Each structure stands twice: as C-alpha cells, then as structure tokens.
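Reviewing the structure listed below.
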Amino acid sequence: MSENKKQSRTVSVIGLGQMGTRLAQAFLAAGYRTTGWNRSAEKTDALVAQGALGAATVADAVAASTLVVVRLPDYGIVRSLLDPVAGSLRGRVLVNLTSGTTEEAGRMADWAAGYGAAYLDGAAMSGTRLVGRPEALFVFSGSPAAFAEHRTVLTSLGNAVHLGADPALAALYDTALFGLAWGALAGFYHAVALVGAEGVDPTAFATVATGHMPFVTSLMADHARQIEDGRYPDDDGTVRVHAAAMQHLLDTSAAQGVGTDVPELVKALLDRAAGAGFGGDGIASVVETIRKGASNV
Ligand SMILES: NC(=O)c1ccc[n+]([C@@H]2O[C@H](COP(=O)([O-])OP(=O)(O)OC[C@H]3O[C@@H](n4cnc5c(N)ncnc54)[C@H](OP(=O)(O)O)[C@@H]3O)[C@@H](O)[C@H]2O)c1
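To convert, take the position in the sequence shown, counting from 1, and add 234; that gives the working numbering.
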C-alpha cells in the first residue's frame, strides 16, 4: 500500500469526551486506524480497549495521521493544546468539531493556514446518539479540497455535508439549525402538555405528530422559494388567518391550564407581520418582519 493510501486510512481524534469518543468509535467501526488523545488517560485507555491506538501526547496524536479531528469544549482550549505543536500540522488537515462562533472559526482557519494546514470547521448536529449512522448530520466548511479528499472518512460519522469555502459557515448553520430544532421541539413540548391535559399519552401523541412532520418539512422548500422571490401567495393560508388560529391555540391552552408562552411567541410574530402590512400575504412573509428586527416594525 502506498504511503498516501495508508495515510488516508488513518485519523486522529483529540478530545475524547462524550462526543469525541463517539467520533473515534465511528472511525474505528468504519475500519480506519484511529489514534486518540485525551487529557485524562482513562478515556484514551477505554478507546484503546476498543481497538484504537492511544497517543501519549497531543504531538503524538498529530504525528499519527494526516487527518486530525478535534473536539473540545471551546476554541481557547483547542488553541492552548495545538499552539505548542502547530509546526507539525503542516501538510495535514485539521477538522475542528468544537462548538464556537463564526468569528472564532475564521480566526482558527487563519491560524491553521499560517502553519500550512488545511482547515475544516464542523458541527455535529444530531447529538451523540446517531453518530456513525447515515441520518446523523455533520456540517463542514472551509477548504473544499480537504473535504473532497477526506469525504469518505468523514462520511463514516454520518451525513457529511460541505457548506462552502468560508470556514464560518459551519458555525452559522450550527446555530441556525439549533434554533430550527428548538422551534420544532418547543412546539412539540407545548402540544404534549396541551393534549396531556386531556389525558393523552405523550407516546401516542408523538406517533401522530411524527406522521404530520413530512407535511411541515415539505413547506420549507416551497416557502424558501417564495422568500427568494419576495412574493408570498396565500396557498398555505394568510398571516391574518394563522393569527386567528394561533389565538384559538392560546385560548385552548389557557382553558386547559397549560402555559401559553410558546403560542404567545408565534402570535406576537404574526401580529407584528400583520401590523407591517402582511396580513393578507402568505405566512412565509413573516421572514420580512424577522429580518427587520423586533424594534423596527
Ligand atoms: N455532547 C453533545 O451532544 C454536544 C452537543 C452539542 C454541542 N456539544 C459541544 O461539544 C463540545 C464538547 O463535547 P463533548 O460532548 O465531548 O464534551 P464532554 O463530554 O464534556 O468532554 C469534554 C472533553 O474536553 C476535554 N477537556 C476539557 N477541558 C480541557 C482542557 N483544558 N485541556 C484538555 N482537554 C480538556 C475533556 O477532557 P477530560 O476527559 O480530561 O476531562 C473531555 O475530553 C462543546 O463545545 C459542547 O458545547 C456537545
């Protein structure tokens, strides 16, 4: 096997917390020679017992692979660990799956470039449970060439999506998708409380709710097109009609004695959109109100 071929089968993981360990396990399961480093040795030892190689130092972990994946609590810790070994990153690909801001991602990419390393910033969008399965979403941004070269190994983590050359994109999508997931989950938790007030079991409700989700997600592509065009047909109801329906949800929630904070939030948004002149437009027009910010209707 050529040196290149051998190296493309190796990966190092620095930071073996909950997520780092799951990443390393997924690489191992996909047949990659995986080297792990962790501050406290027990976690490295646990991974070695599963077939990985243990690195005694960060320098050893970097030296072991051309692809170096980092998962730590914050960018400050990433820099404190990598600064002393920065010289040995030359020619390698650094994949940073640590959560952070868009600014931190940009600074990290510049730092890596200064030492001759290709850089990919990334975010694990599906928690630890799904890692290694095709439905686990991992978003990456930064060097397109590095992603193309290592796409196969990164796909062993799940659905690996490259968002573009700007290293900040992964952090941007990370926060945006987090907000999207919470929007859906906040609605779900409210609904569970509401039907629960009438004795409906959460699991029974979840089955029906899950069946409803394909309709909800199907709206996203259509509404994205409307937003791009700046035209909001009322195919899925107008802002005014939805505001009235949201008032029913508010009233029903109050009558059942459950919290109204979630529907109040949506009702306030719909009311602001109607106040800004979008009452007769389709519901995707609320994006115009959101874009202007809360204080500027
Ligand atoms: N787990 C998730 O589902 C999830 C979801 C979203 C975002 N995140 C983000 O993921 C990151 C951490 O992931 P995690 O879930 O793997 O966290 P974790 O289980 O708490 O592990 C933290 C890791 O960082 C290491 N560490 C902490 N301080 C260090 C230092 N000063 N020097 C060297 N190593 C240090 C720990 O080493 P020791 O073992 O020695 O303590 C451990 O390996 C954070 O950015 C977090 O916001 C996690």
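The beta carbon of each residue, even a glycine, is placed where N, CA and C say it ideally should be.
Note that the coordinates shown come from a computational prediction; the quantities given were computed from them, not determined experimentally.
Helix, strand or coil: how does DSSP classify residue i here?
i, result
"THR335", "coil"
"THR494", "coil"
"GLY356", "strand"
"LEU397", "coil"
"VAL434", "coil"
"ARG506", "helix"
"TYR309", "helix"
"ARG459", "helix"
"GLY511", "helix"
"LYS239", "Residue confidence for LYS239 is low, a pLDDT of 44 falling below 50, so the modelled location carries little weight; the figure read from the coordinates is stated next. The answer is helix: DSSP assigns LYS239 an H, G or I state."
"ALA464", "It should be noted that the sequence gives Gly, not Ala, for residue 464. The answer is coil: DSSP assigns GLY464 none of H, G, I, E or B."
"GLY535", "Outside the modelled stretch of the chain, which goes from 235 to 531, sits residue 535, for which no answer is possible."
To the nearest angstrom, how far is it from the Cα of residue i to the Cα of residue j?
i, j, result
"PRO401", "GLY376", "4 Å"
"ILE461", "LYS526", "14 Å"
"ILE517", "HIS457", "9 Å"
"LEU403", "GLU432", "44 Å"
"GLY398", "ALA405", "12 Å"
"ALA488", "SER519", "28 Å"
"GLY325", "THR300", "7 Å"
"GLY350", "THR362", "31 Å"
"LEU453", "ASP344", "38 Å"
"VAL492", "TRP416", "19 Å"
"ASP505", "TYR423", "23 Å"
"LEU428", "VAL475", "22 Å"
"GLY288", "THR332", "21 Å"
"PRO467", "GLY513", "12 Å"
"GLY265", "VAL496", "46 Å"
"VAL282", "ALA320", "25 Å"
"ALA195", "THR486", "The structure shown does not extend to residue 195, since the chain is modelled only from 235 to 531, so the question has no answer here."
"PHE449", "ASP279", "47 Å"
"VAL302", "THR409", "24 Å"
"GLY471", "VAL521", "15 Å"
"ALA339", "PHE372", "16 Å"
"LEU257", "GLN481", "45 Å"
Please name the residue or residues paired with residue i in a DSSP beta bridge.
i, result
"ILE248", "TRP271 and VAL304"
"THR472", "GLY516"
"LEU328", "VAL302 and TYR353"
Quick check on residue i - is its C-beta less than 7 Å from some C-beta in chain B?
i, result
"ALA347", "Looking at the structure shown, chain B is missing, and only one protein chain is on hand."
Between the stretch 433-443 and the stretch 488-504, do three or more beta carbon pairs fall short of 8 Å? no
Alpha helix (DSSP H) segments (min. 4 residues) lying fully within the stretch 260-306: 275-282 and 292-298
Report yes or no: do three or more beta-carbon pairs, one from the stretch 295-306 and one from the stretch 244-263, lie closer than 8 Å? yes
Using 8 Å as the threshold, is the stretch 310-319 in touch with the stretch 353-363, meaning 3 or more CB pairs across them? no
Going along the chain, which unbroken runs of the beta strand (DSSP E) with 3 or more residues stay wholly within the stretch 360-431? 371-376 and 393-396
Specify whether the stretch 255-270 and the stretch 281-301 touch according to this definition: at least 3 beta carbon pairs, one from each stretch, less than 8 Å apart. yes
Is it the case that the stretch 325-337 contacts the stretch 369-389, given that we only count it when at least three CB pairs across the two stretches are under 8 Å? yes
Three or more C-beta pairs closer than 8 Å, one from the stretch 365-374 and one from the stretch 251-261: is that the case here? yes
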